[in-house]
Every structure is written in C-alpha cells, then in structure tokens.
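Undergrad:
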Amino acid sequence: MSDTEESYYWGNDPYWTDALDRFLHDRQSGERTITLDLDAVEEAIYGDDSPAFRLMDALASVKEHEGWEGYRGTPRLIFALLQHFKERSR
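Residue numbers (our numbering): 2 to 91.
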C-alpha cells in the first residue's frame with residue numbers, strides 16, 4: 002500500500018455497514034431472535050468470500066482506527082456478522 006492510500010476501515014465497507022443497518026432495523030421493528038442454519042453458516046465460513054476472513058480484517062481496522070474511542074466497532078461488527086449469517090440461513 003502506498004503512503005497516499007488510506008488503510009482499510011470497516012466503517013467505510015458496505016458489507017459491514019449495510020448489514021449493521023439491516024440488523025438495527027430488524028431490532029427496532031421488534032425482532033428478538035435469530036435462527037441460524039448451521040450448515041449454511043459453516044458453508045459460508047469456509048467459502049471463497051468468507052465472513053470469517055472479512056471479520057479478521059474488519060477487527061484489525063477497529064484496533065487500528067478506534068483505540069481512542071474504546072473500540073466501539075467490535076460489537077457492531079458482531080451484530081453485522083449475525084445479520085449476514087441470518088440472511089444466509091433463510
């Protein structure tokens with residue numbers, strides 16, 4: 002990465018921010034439970050576009066960019082991850 006490129010930050014990645022928005026919308030609409038298809042989750046985790054590896058990069062960006070504000074992105078990423086798993090379980 003060149004010095005002029007910005008480093009990755011999860012808060013600028015629609016994969017995470019859009020999923021978090023959908024999660025928050027569902028919660029505000031009264032949803033209280035999530036049912037997961039564990040076969041679909043397992044397939045997603047080991048797939049080519051694995052949420053596990055995306056999460057690793059996103060959490061690294063939390064550590065790099067959010068130390069001064071208490072790493073608030075970490076729980077938000079977990080909610081977004083749950084939303085992705087929920088959607089793959091449909």
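Backbone N, C-alpha and C fix where the C-beta goes; we use that ideal spot for every residue, glycine too.
Quick caveat: nothing in here was measured; it's all calculated off a predicted structure.
(1) Would the stretch 75-82 count as touching the stretch 32-45 if we require 3 or more Cβ pairs under 8 Å?
(2) Could you give the residue range of the alpha helix (DSSP H) that holds Y16?
(3) Using C-beta distances below 6 Å, list every residue in its chain close to H66, excluding the 5 sequence neighbours before and after it, in chain order.
(4) So, under 8 Å CB-CB, L82 and L60 are touching, yes? Tell me the CB distance rounded to an integer number of Å.
(5) Helix, strand or coil for G48, going by three-state DSSP, please let me know.
TA: Per the coordinate set shown:
(1) Flag = no, the stretch 75-82 and the stretch 32-45 do not touch.
(2) One-based indexing of the sequence shown puts residue 16 at position 15. Note, Y16: alpha helix (DSSP H), P15 to Q29.
(3) Indexing the sequence shown from 1 puts residue 66 at position 65. So the qualifying residues of the chain are Y10.
(4) Within the sequence shown, residue 82 is the residue found at index 81, counting from 1. Within the sequence shown, residue 60 is the residue found at index 59, counting from 1. The beta-carbon separation of L82 and L60, rounded to 10 Å, does not stay under the 8 Å limit for a contact.
(5) For this step, residue 48 is matched to residue 47 along the sequence shown. In the structure shown, G48 sits in coil (DSSP, three-state: anything other than H, G, I, E or B).
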